[in-house]
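This note's numbering numbers the first residue of the sequence shown as 25 and each following residue consecutively. All C-beta atoms in this analysis are idealised placements derived from N, C-alpha and C, irrespective of residue type, glycine included. Nothing here was measured: the structure is a model prediction, and the numbers come from that model. What follows is a short report on a single structure.
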Amino acid sequence: MTAQLAPHMRRPGGGFWGWLALRLMRRRMRAMNEWAVALLDIQPTDRVLEIAFGAGESIARAAARAPSGFVAGVDVSEYAVKVAARRNRAAIRAGCVALHQGDAAQVPYEDNSFDKAFCCGAIYYFPDAPGMAREVWRVLKPGGAYIILARPPEALLAHPAFRKNKHR
């Protein structure tokens with residue numbers, strides 16, 4: 025099972041394995057994502073960016089805290105974008121949320137577009153983590169807040185999917 029699931033942990037695809045990967049990530053990452061949203065202290069008019077949003081639960085949390093603001097997300101997985109779009113359908117229709125499939129090292133927004141940004145539990149999967157960080161700083165307004173949360177290395181190295189993919 026681990027061999028089939030491992031590639032989907034970095035980039036969930038469709039089908040059973042993609043569904044399972046997103047489900048596992050949602051469960052394992054829920055507390056970390058809730059903490060990130062709380063730490064950001066999102067205000068009603070804030071513009072917020074999430075990198076690697078997965079199933080879109082944190083996008084929904086951030087949008088609920090910024091009802092007069094805007095929340096955007098970038099995720100490499102086309103399947104994750106579809107799942108998150110279903111979860112955030114009403115906010116997308118209202119223009120409060122936008123989701124993009126693509127490389128986080130190329131965020132599709134102007135300089136100084138966001139008040140706050142976050143990325144939880146995914147930094148180690150980026151082939152160009154410094155490029156992603158530069159992009160987030162580029163789109164973040166001066167004085168904005170940027171949070172990256174990650175599991176400790178020993179927790180990652182113990183995870184079978186991580187070991188099998190050799191993302192070290």
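Three-state class that DSSP yields for residue i in the structure shown
i	result
residue 100	coil
residue 154	helix
residue 88	helix
residue 147	helix
residue 83	helix
residue 55	helix
residue 174	coil
residue 32	Since pLDDT at residue 32 reaches only 48, below the 50 mark, its modelled position is unreliable, and no value is offered.
residue 109	helix
Nonlocal neighbours in the same chain, by C-beta distance under 7 Å from residue i, ignoring five residues either side
i	result
residue 147	153, 172, 174
residue 120	87, 94, 95
residue 63	171
Limits of the alpha helix (DSSP H) - the one that residue i falls within
i	result
residue 134	Neither: residue 134 is in no alpha helix (DSSP H) and is coded neither H nor E.
residue 114	113-117
Cβ-Cβ distance between residue i and residue j below 7 Å
i	j	result
residue 104	residue 145	no
residue 139	residue 71	yes
residue 90	residue 68	yes
residue 8	residue 141	The shown model of the chain, from 25 to 192, leaves out residue 8, and the question about it has no answer.
residue 85	residue 100	no
residue 160	residue 170	yes
residue 2	residue 112	The structure shown does not extend to residue 2, since the chain spans only 25 to 192, so no value can be given for it.
residue 75	residue 98	yes
Nonlocal neighbours in the same chain, by C-beta distance under 8 Å from residue i, ignoring five residues either side
i	result
residue 158	129
Span of the beta strand (DSSP E) around residue i
i	result
residue 75	71-75
residue 125	121-125
For residue i, the residue or residues it bridges with in DSSP
i	result
residue 164	138
residue 95	72, 121
residue 169	140
Sequence-distant residues of its chain with Cβ nearer than 6 Å to residue i (five each side left out)
i	result
residue 162	135
residue 102	125
Near the ligand GTP: residue i beta-carbon under 6 Å from a heavy atom
i	result
residue 88	Of ligands this structure carries none, so the ligand GTP is not represented either.
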